[in-house]
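One structure is given here, and the rest of the page talks about it.
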Amino acid sequence: MGERTAPNPRVGCVIVKGGEIVGEGYHKEYGGRHAEVLAIEMAGGQAEGADMYVTLEPCCHLDKQTPPCAGKIIGAGIKRVYAAMEDPNPKVNGKGIAQLKENGIEAEAGIMEKEARKLNEPYAKWITTGMPFVVLKLAMSLDGKIATGSGESRWISNESSRRLVHEMRKVAGAIMLGVNTVIMDNPSLSAEGASPLRVIAGNPERIPSNSKILDTARQKTLIACVSVEGKTRKMLEGRGAEVLELRGKNGRVDLRLLLKRLGERKISSVLAEGGGEIAWSLLKEKLADRVAFFVAPKIFGGKETAAVAGEGIKRLEECIRIKNAKVKNLGGDFLFEGEIDYPHINVREV
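Numbers given in our numbering equal positions in the sequence shown, counted from 1, plus 173.
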């Protein structure tokens, strides 16, 4: 459900009367009809006096492509509405529930709220901050390497892990990686049945002209860089890629500004697939929200190719912790995922 809804939330709705489901629906794609409307249409006359269960507080504002759902619910004669969570959108945020109550409907939010918030993490962050929700995904050896000393990295993870990565790509608005990973892996970043924006950060002069990433037949590619000379820009744009110059104060690509620009394009979620420098920069700037580390039971050794590179932390009190962590066995590989809990240190703002 909801792979094409972004930047809208994922919402499902069920209408119950006399202990039986009389209507159901879910928001299928951005710009399409909302879950409540579809459920009401299915229920027809049976909606009157019925109970509605919905993932998110019904909308009540006009600043969108479809009419507000609160009015539809009132008009259908629904008796009670149970929403899993309030809509974090400042234009709603309790106003939908209030409007229903003002019209004689029993309404409340907070049933299975934790599950609903997890389902709509990208939407909640984007609608309140304008920035996409960032999942930092890395595939590494047991000792934290993303490649051998000679640069070999295919395949560190097993087939089960790679299948899951493809599923993660399908629900992402954009996939981000650094130029080093493009050179080392020559990935296509394919996502069967979906076309997330492919974002490459780094020096475009180093991108080989035969890179699979420049195959823009199905997916658009954005190259974020500090600067680019005319010949390279012409080559990249000739291959259908878009070039965006974003110089940060440190002389590197300004990742915070890049994510802000993606948010302005209504991209609510980003799957950052490395490499090490990109991973560290996202963590250092407090830009990543969740980690998904695929760990293979292999040991590479060596001093290079760290999964998270950069200068690292100096004191233990500055370490970045993971909370609500979960570990899943993927046929021998292990997926470690959880929310990033940053230490209280200052970072710059755009």
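Ideal Cβ placement from N, Cα and C applies to all residues, glycine included.
One thing to note: ILE247 has its Cβ no nearer than 7 Å to the Cβ of ALA223. Counted as a single uninterrupted DSSP element, the stretch harbouring ARG488 is not any beta strand (DSSP E), since DSSP gives it neither H nor E. In this structure SER326 is buried. Its beta-carbon is surrounded by 16 or more other beta-carbon atoms within 10 angstroms. Sequence-distant Cβ neighbours of SER382 in its own chain, meaning closer than 7 Å and more than five residues away, are MET408.
Beta-bridge analysis with DSSP links ASN502 to PHE507. About 20 Å separates the beta carbons of GLY204 and GLY303, which is beyond the 8 Å limit, so they are not a contact pair.
Assigned with DSSP and collapsed to three states, LEU362 falls in coil, not helix or strand.
Between the region 180 to 188 and the region 208 to 220 there are three or more C-beta pairs closer than 8 Å, enough to call the two in contact. For MET258, the secondary structure class from DSSP, reduced to helix, strand or coil, is strand.
CA-CA distance, PHE507 to ILE386, rounds to 28 Å. For GLY283, there is no enclosing alpha helix (DSSP H), as DSSP marks it with neither H nor E.
Ranking GLY505, ALA482, GLY485, LEU489 by CA distance to the CA of PHE467 puts GLY505 first.
Note on geometry: alpha-carbon atoms of HIS339 and LYS274 lie some 43 Å from one another. In the structure shown, THR321 falls within a coil segment according to DSSP collapsed to helix, strand and coil. The alpha-carbon of GLU477 is positioned some 29 Å away from that of THR405. For SER442, the CB contacts under 6 Å within the same chain, skipping 5 residues up- and downstream, are PRO295, PRO305, PHE306, ALA345, GLY346 in chain order. In this structure the region 445 to 457 touches the region 474 to 492; the number of beta carbon pairs closer than 8 Å is three or more. Looking only at TRP453, LYS318, ALA312, SER361, the smallest Cα-Cα distance to LEU337 is reached by ALA312. Just measuring C-alpha positions, the residue of ALA367, ARG488, LEU315, LEU417 sitting nearest ILE373 is LEU417.
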